[in-house]
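Here's what the structure looks like:
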């Protein structure tokens, strides 16, 4: 009940706030400017070198994470929970 009263009070107070004047957000003359030209994406994608993850590095990272998680699990198993 108390939470809903605070919620209603917050909405009433925030409704009294002045709305920001968004008409002056653009600098003068910006509305008359042309849109930027769009460039084709194919040349950019063609120049990018395709990358593949190294299987050995990935396997080594996963093995290290498995070992760390197993060690953590073993430590948790040894703890006495009261």
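Numbering (my numbering), first residue to last: 4 to 85.
Idealized CB from N, CA, C, for every residue including glycine.
On a predicted model such as this, the values are computed, not experimentally measured, just so you know.
Taking the Cα positions, residue 8 is about 57 Å away from residue 51. A straight line joining the alpha-carbon of residue 60 with that of residue 72 spans about 18 Å.
In the three-state reduction of the DSSP assignment, residue 57 falls in the coil class. Looking at the backbone, the Cα of residue 78 and that of residue 58 are separated by about 30 Å.
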